[in-house]
Amino acid sequence: VAAKFPYLVQKKLREGQEERRVAQLDWRIIEQDYDKPFVASGLKFVPLPYDKPFVASGLKFVPLPVMHGEDYICLGFLFGEKSKVAYISDVSRFPSNTEYVISKSGSGQLDLLIVDCLYKKGSHNVHLCLPQTLDALKRICPKRALLIGMTHDFDQHKDNKVLMEWSEREGIHVQLARDGLKVPIDL
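See the structure below:
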């Protein structure tokens, strides 16, 4: 990372030199069985338990294990106190315990689910596609869902009209997300 994005990595400042950086990475690794921090290429990695909540920028996050293919576990995240939000970008299947945590019939209805949706038709081995995403939304039943990670096969306006009709039938507001979309929500 330091070679490609040197501006994101903290450097040792020379005497009298001011720190000038727009952004900086705070590296964290979420591991199941790792109990010590380690350093690689001058970057400090702080392992976090994958199944325990953690706080970042004053906001509590709960990791949500999901399948990204059948042999790889990815994490989504549940956050927000006033409004419950789940962000799940790389998912092909929800394990039952994760689905329970984010479902209306489980731990309580989400105010917003931001979820993977790669293709309009068919299926994919490591991502949900529209048919699987809509089936999952029926089971999870969030108040609102934003679909992310779409290919260029989607037409923002036409497909959002189709999703609006689906939303009216199913009682779940669903739309395709887009660059620049602002979502006011009280966390």
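Under the working numbering, think of the first position of the sequence shown as 12, with each following residue one higher.
The C-beta atom is built at its ideal place from N, Cα and C for all residues, glycine as well.
On a Cα-Cα basis, can you pick out the residue from the options that is closest to residue i?
i: Q120; options: A97, N108, H135; result: A97
i: L75; options: L139, F65, T109; result: T109
i: L198; options: V66, K95, L192; result: K95
i: P153; options: Q167, G117, G69; result: G117
i: A156; options: N171, D164, D166, F165; result: N171
i: V126; options: E179, I113, G133, N136; result: I113
i: L148; options: L192, W177, S68, A14; result: W177
i: T144; options: K93, A188, R104, G182; result: R104
i: G87; options: G80, S100, K93; result: S100
i: C85; options: H138, I196, S134, K131; result: H138
From what residue to what residue does the alpha helix (DSSP H) around residue i run?
i: D197; result: Here D197 belongs to no alpha helix (DSSP H), and DSSP marks it neither H nor E.
What does DSSP give as the partner residue(s) for residue i in the beta ladder?
i: P142; result: P142 is not bridged to any residue.
i: A67; result: L70
i: H184; result: R155
i: V173; result: Note: V173 sits in no beta bridge, so no partner.
i: L75; result: G87
Taking the beta strand (DSSP E) that residue i belongs to, which residues open and close that run?
i: R155; result: 155-159
i: L24; result: Neither: L24 is in no beta strand (DSSP E) and is coded neither H nor E.
Once the 5 residues before and after residue i are set aside, which same chain residues still bring their CB inside 6 Å of it?
i: K71; result: P64
i: Y111; result: G117
i: H184; result: R155, S178
i: L141; result: C128, K131
Using a Cβ-based criterion (distance less than 7 Å to any ligand heavy atom), does residue i qualify as near the ligand NAP?
i: G80; result: The ligand NAP is absent from the structure shown, which contains no ligands of any kind.
Near residue i, which residues of its chain fall below 8 Å by C-beta distance, leaving aside the five closest residues on each side in sequence?
i: F106; result: Checking the sequence shown, residue 106 turns out to be Pro, not Phe. Only P76, V77, M78 meet the Cβ criterion.
Next on the checklist: Just to confirm the assignment: which complete alpha helix (DSSP H) runs, minimum length 4, are found wholly within the stretch 81-129?
Outcome noted: Fully enclosed alpha helix (DSSP H) runs of 4 or longer: 107-113.
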